[in-house]
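Asker:
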Amino acid sequence: IGAYLDSQLFSGRDSLLIAKYLGVDTTMQRDFYTIAADNIIKIGNTEVDVETIAANMASDSLKDWAGPPASYVFFILRADALDVTYGTPEGFKKLGIPYMAQIKPDKPW
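The sequence shown runs 1 to 109 under the numbering used here.
1. Going by beta carbon distance, what residues of the same chain come within less than 6 Å of Tyr-99, once the five residues before and after it are set aside?
2. Residue range of the alpha helix (DSSP H) that Tyr-139 falls in?
3. Is Ile-97 helix, strand or coil by DSSP?
4. If I'm right that Ala-19 touches Phe-10 with Cβ under 8 Å, what's the distance once you round it to whole angstroms?
5. Please state whether DSSP places Ser-170 in a helix, a strand or coil.
6. What residue ranges within the stretch 14 to 50 form continuous alpha helix (DSSP H) runs of no fewer than 4 residues, ordered along the chain?
7. When we look at the beta-carbon of Leu-76 and count the other beta-carbons within 10 Å, is it buried (16 or more) or exposed?
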């Protein structure tokens with residue numbers, strides 16, 4: 001997902017990140033994702049279990065979280081990860097459903 005985020009954060013108005021569709025202006029996306037990453041790194045230094053971190057983000061029960069609500073960030077990051085995993089012809093194939101994009105993208109994202 002890191003390569004996808006990097007690619008999209010430098011795409012400007014053409015960004016496909018879900019944050020764009022949820023009201024995060026494309027000019028603010030880098031700041032949004034940087035704040036999210038800083039929080040997750042800080043939490044990762046105290047909690048080692050990824051499932052616990054995800055559950056605590058989803059329920060807004062993290063101490064010292066700064067910026068947009070953790071549940072909002074979790075929702076956005078999860079949606080971005082799902083786009084990377086299943087939003088391609090290969091992803092659709094893994095799900096066993098036909099890929100029927102109206103306009104097939106030039107590259108995976």
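Don't be surprised by glycine CBs; every beta carbon is placed ideally from N, CA and C. Source: prediction; values computed, not measured.
Answerer: Short version:
1. Pro-89, Phe-92
2. The structure shown has nothing for residue 139, since the chain only spans 1 to 109.
3. coil
4. Wrong, their Cβ atoms sit about 14 Å apart, outside the cutoff.
5. Here the chain has residues from 1 to 109 only, and residue 170 is not among them.
6. 18 to 21, 29 to 44
7. Note that residue 76 corresponds to Ile in the displayed sequence, not to Leu. Classification of Ile-76: buried, given that the 10 Å Cβ count is 16 or more.
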